[in-house]
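Residue numbers (the working numbering), protein chains in the order written: chain A, 1323 to 1660; chain B, 1323 to 1660; chain C, 1323 to 1660; chain D, 1323 to 1660.
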């Protein structure tokens, strides 16, 4: 077994950042490095039970702290950064969720404005059973409980934006960011187009689980111990984030209205399938139209996210990019020892 | 075993209808009846290969012929119609799909207008292997093929609209109609609020399979032999269509932009879970937000459809409506003999 | 001076209709006829002061009663109906407005759903000064008043829809209907594509004035005495409603989201200017982009409306359709005597 | 007459900036200062005729150069910056417009994606007659011309964003930016909430005129000599940009879909009128709904803009903010001498 390069990143409280772009590198790593990172939850760990309201404990500019940015040696504009999620494990045995005034899909917001009073600000504390891989909802207004599987994921991961922009960690875009799709789970590889030297990867916003749409605006939020494996694919920029799992390839669109996010993801997947399967664009359009799964990511953030995914083994003979398979094999090596 | 009431409906060509509302009943049936119906494909069977273009073979007012309307004795405004899909089987060993100018999600349309020329009108003929339950895509511009599982479904099913409206069979709405979601498959029960005496159920638009979003605007279209079991739940109107399967309850929203369809479906599911599980509305909001699956139905029709679904066995102890379970048991009786 | 053909239409209460399509003709008239019609307000005259709530006095299926349909002899599918508004005069010296629960642009609605309680149902009674052409707002919660010019208009005017559809009078579409744009005022000519024999023109929903967007969902609603002059232009169907005034040509788009309504109206105006001014499509695109005024019609109905208008005297030398000028001249004859 | 403080700003080519936020101050000024600034056109002056395509002459990161940022002494977060436009004069006797591939309202774009080929990249050169205040369109594909009034304006003006964000000059938002509404013309005062010390005002993107919606994505673009008068209103932050003219108060909303921009602007205007006229919120909602004009700004940028405006002299007796009147009077002093 080859020796693995491993870098550990556990930021001090003042090292967390709240933007993509605009911050100096927390670390420099080579492609092929395993990164063992700690990420705080979206409220920086300051909301722990029903009495601790986000508005009081973690006002807006402090929300969604990120671990990063990580400078990846050799990554240049025009390249593609591959981020393989080797492991995503909750770092505590509890998590929180909340309703935040004027935020979420089933309330008027600052952008979908109304004259109605906002819904109440409320906190739910979930308990996590790390051994059994479950999490438990405790109703506020009754004794009801519900225990369901965990499905740990990162709501936020991305690189520095193009054109010198600096974006809040609450915002998603072409560079990734606050995508909030449950598809970013253990075992997948995310791809991002590199916009600046070093790519400047950051991540955070762990969720023990999240419904598709993140309807109330807040998932089951928890700190995470996460292991990444980083790679750089030279000169193969991608315009929007992509994901590959053992079974699927996936394109992500970010926009408002939601149909625009859908269009972006579907077009990207059609082009991906066209190239991968050597199909004409119209043949790929036909095939994707009949095979695609289209789970919604979020309908609450500054940009909504839509995912278009297709099973790899349903596609015609193809020229598959070997990156995911290679990273997956390396990850299995790591997991044998860790 | 009790004797089953079975009614067969195979319309003559001139008996098909192209609207919800506005047509006389094709048949009158009692609740508890099994309906064995034949439905034509969305092009009335006139588009059979690449040379037969929809614009020539089946111009607009003839598209999406429906079998119905079926007058259900005893169904009155304020009631809920339950339509259980006992069986959905392709009636031929082929199906067609197409791109239609100015229609579909990845083209400008009459509503999302642009000055660009439309994409070409093209037809794909799929072959169906009824024995193995698969369907095969044949590329137009290469020798590529892809054989994938069938997942037969009805794109269009619904009742007469309220307020004396008559709607084209190409349009979805609160009354159901051209919902175009793959969730309407064998084994589920659909619920519709009844707007007129007799409910006036119609259905058609069979798909051997359909991707989520029906991206190019046309699924794998085929005639179907379908068996329904009908029931009426008195005085329990539902504002939007709902679906129940053995595993999930599902709400459907229809609107543009797509986030409005999402909001409708999610709110309806939150209210459903709140009542079913005796949770406060805010507790149900929290729980649904973490558990929900949100597959897109269509992003091409006059109204887009979004589905919100949640696993029944993940919900807290509850007062479940027994209708689906009862219809499912009756359907299994039927299937033993047919 | 030639003799004028004049038909008076003042429906009995039971003669009002609530749909476009689906009703028998109230009258048959020839092209060139002046129609003196009475229209009720959107609440059928039953909401007269702050104590009379729409939900109690005029429940949903009775709202927006129309005068019509009027069968225009000789109008056939493929033709264009021209409706010149000779005069629009409030029929009473008062009008009402209201906020209706879950309706309007600054509240969540049945389509833009939320979990918030709706805003209150409230009525405002406006007073109209017909002599001075003003109307006066009386605040409910203070002594404040505001007297502003009247600008009488019809929110609802249109023809029977295509494809056998029947639509609620509350809905706008390609056939016109509840367009709710203040551009439909005295002195303009509206054009509608004819879908059925006789066109079947209906109108109602008079507004003493209306802001652009009809933000709260209800304008200054009043009964109207209105004079129309009808004409038929053979074989020149238009896909969407158009308006011509002495100064402007205008296209109307109806859709959701609002940018789709904008796109429809702008494309239609570009095509109109291209043909009228013998400009290439791209030259017309450029010119319209710099000259267009784009007032919003409504952002509360089932379809939002966007108007694209351009000053006729700013356009290059052209082949103008003479219809508006001809109808305007005839209208001046009428007005001299009436 | 008091002496006026005047600062002249004419950046060297390398001094122009392409972002709001992220750049050091070009100048420091006091409140009450007159600023005589030169702004380049959106293509930095490099596109001068039909042969000079934007994609070749001024690739994306160089577009929309701004003059600024200007540090206003004493402006702090929580304050409101008032920017009065004393004069806006084209700096050359020509201007350009263009169609840019995958940009504009009547084409598919990177966000409203389709599989259609983009429209052609074309340039139009307009001529400006500064003496008569007119500009002339020259058709590309014929000899047609159209001479129309100029209405000089700035498409882009704003301050540094909140939360450490840096945004491209092509993007609009709460901080102003690329708003692209023709309402920002000579004689108006714009208000922006201050997010950072010094406010950091920047502007550019002069238009000799622009249609409402900026349909093709590009206005009649020209360099400008513009005179501003700056003021700071302490502790009266505004969440979204506002405008005041001699006749109207106006709120601006920026969002997608367009109805969200509409909702933002209308709600802000309702709140403004409520406070200014001492009306309850529901009374203000009613009054604004009947009086409001709602011109669209742009339907092409990363955020669409909608303006809600109401005539000041139609509003009930009120507590008007004196800022605009005071700046207007000072501006008239300046204009007497300059």
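Every residue, glycine too, gets a C-beta built ideally from N, C-alpha and C.
Do residue 1364(D) and residue 1527(D) come within 8 Å of each other at the CB atom, strictly closer than that value?
For residue 1527(D) and residue 1364(D), yes; Cβs fall inside 8 Å.
What are the start and end residues of each continuous alpha helix (DSSP H) run of 4 or more residues lying completely inside the stretch 1357-1390 of chain A, in chain order?
Counting only runs of 4 or more, we get 1376-1379.
Would you say residue 1435(D) faces chain B, with C-beta separation under 8 Å as the test?
Output row for residue 1435(D): interface = yes.
Using only CA atoms, which one of 1339(C), 1441(C), 1595(C) lies nearest to residue 1436(A)?
Closest option to residue 1436(A), Cα to Cα, is 1441(C).
For the stretch 1514-1551 of chain A, which segments carrying the alpha helix (DSSP H) assignment without a break, of at least 4 residues, lie completely within its bounds, in sequence order?
Qualifying alpha helix (DSSP H) stretches: none in this window.
In three-state terms, what does DSSP make of residue 1660(C)?
Residue state, collapsed to three classes: coil.
Compare the C-beta of residue 1577(B) against all C-beta atoms of chain C and say whether one is closer than 8 Å.
Closer than 8 Å: yes.
Since residue 1532(D) meets chain C, which of its residues come closer than 9 Å, beta carbon to beta carbon?
Here the neighbours are 1611, 1612.
What's the C-alpha gap between residue 1546(D) and residue 1626(C)?
Their backbone Cα atoms lie some 37 Å apart in a straight line.
If the cut is a Cβ gap below 7 Å, which residues of chain D does residue 1430(B) touch?
Near residue 1430(B) (Cβ distances below 7 Å), the residues of chain D are 1430, 1436, 1438.
Quick test of your reading: residue 1347(B) and residue 1329(B), contact by CB under 8 Å. State the CB separation rounded to the nearest angstrom.
No, residue 1347(B) and residue 1329(B) are not in contact; Cβ-Cβ is about 12 Å, not under 8 Å.
May I ask you to report which of helix, strand or coil DSSP gives residue 1420(C)?
In this structure, residue 1420(C) counts as strand in the three-state DSSP scheme.
Short of 7 Å Cβ to Cβ, which residues in the stretch 1363-1376 of chain D face chain C?
Here the close residues number zero.
Where does the unbroken alpha helix (DSSP H) through residue 1606(C) begin, and where does it stop?
Run containing residue 1606(C): 1603-1613, per the alpha helix (DSSP H) assignment.
Taking Cβ to Cβ, would you say residue 1613(D) is nearer than 8 Å to residue 1470(C)?
Their beta carbons are under 8 Å apart, which means residue 1613(D) touches residue 1470(C) by this criterion.
Do residue 1426(C) and residue 1557(C) count as a contact pair if the criterion is CB distance below 8 Å?
No, they are not a contact pair.
When Cβ atoms are compared, which residues of the stretch 1611-1637 of chain B fall closer than 7 Å to chain A?
Those would be 1611, 1612, 1613, 1614, 1615, 1616, 1617, 1618, 1621, 1626, 1636, 1637, in chain order.
Buried or exposed: residue 1660(B), going by 16 or more other Cβ atoms within 10 Å of its Cβ?
Its Cβ having fewer than 16 others within 10 Å, residue 1660(B) is exposed.
Is the Cβ-Cβ distance between residue 1569(C) and residue 1633(C) less than 8 Å?
Result yes, Cβ atoms of residue 1569(C) and residue 1633(C) sit closer than 8 Å.
Anything in chain C within Cβ reach of residue 1490(B), meaning under 7 Å, just list it in chain order.
The answer, in chain order, is 1485, 1487.
Which same chain residues, not among the five before or five after residue 1588(D), have their C-beta less than 6 Å away from its C-beta?
If we look at residue 1588(D) and ignore the five residues flanking it on each side, its Cβ neighbours are 1630.
If you reduce the DSSP assignment to three classes, tell me which class residue 1493(D) lands in.
The answer is coil: DSSP assigns residue 1493(D) none of H, G, I, E or B.
Starting from residue 1586(B), trace the alpha helix (DSSP H) both ways and give me its first and last residue.
Per DSSP, residue 1586(B) belongs to the alpha helix (DSSP H) from 1580-1598.
At what residues does the beta strand (DSSP E) containing residue 1571(A) begin and finish?
Residue 1571(A) -> beta strand (DSSP E) spans 1570-1577.
Assign residue 1503(D) to buried or exposed, taking buried as 16 or more other Cβ atoms, counted over all protein chains shown, within 10 Å of its Cβ.
Residue 1503(D) is buried by the Cβ-count criterion.
Can you tell me which residues form a DSSP beta bridge with residue 1512(C)?
DSSP, once it has assigned bridges, lists 1405(C), 1565(C) as partnering residue 1512(C).
Here's the rule I'm using: 16 or more other beta-carbon atoms within 10 Å means buried, otherwise exposed. How should residue 1439(B) be labelled?
Classification of residue 1439(B): exposed, given that the 10 Å Cβ count is below 16.
Suppose contacts are defined by Cβ-Cβ distances below 8 Å. Is residue 1433(C) in contact with residue 1582(B) by that definition?
Cβ distance < 8 Å, so residue 1433(C) and residue 1582(B) count as in contact.
Suppose the cutoff is 8 Å on Cβ atoms and the five residues either side in sequence are ignored; what does the same chain contact list for residue 1602(A) look like?
Counting only Cβ-Cβ distances below 8 Å, and skipping sequence neighbours, we find 1596.
Does the beta carbon of residue 1441(D) sit closer than 8 Å to a beta carbon anywhere in chain B?
Judged by the 8 Å Cβ criterion, residue 1441(D) is in contact with chain B.
Is the beta carbon of residue 1445(B) less than 8 Å from the beta carbon of residue 1369(B)?
Yes. Within cutoff.
Could you check what DSSP says for residue 1329(B) in three-state terms: helix, strand or coil?
Strand, per DSSP.
Leaving out the 5 sequence neighbours to the left and right, which residues in its chain are closer than 8 Å to residue 1642(B) when beta-carbon positions are compared?
The residues are 1598, 1634.
Rounded to whole angstroms, how far is the Cβ of residue 1533(B) from the Cβ of residue 1611(A), which I believe are closer than 8 Å?
Rounded, the Cβ-Cβ distance is 5 Å, consistent with contact.
Might you give, ordered along the chain, the residues of its own chain that have their beta carbon closer than 8 Å to the beta carbon of residue 1367(D), omitting 5 neighbours on each side?
So the qualifying residues of the chain are 1545.
Given that a residue counts as buried once 16 or more other Cβ atoms are within 10 Å of its Cβ, and exposed if not, what is residue 1404(D)?
Classification for residue 1404(D): buried.
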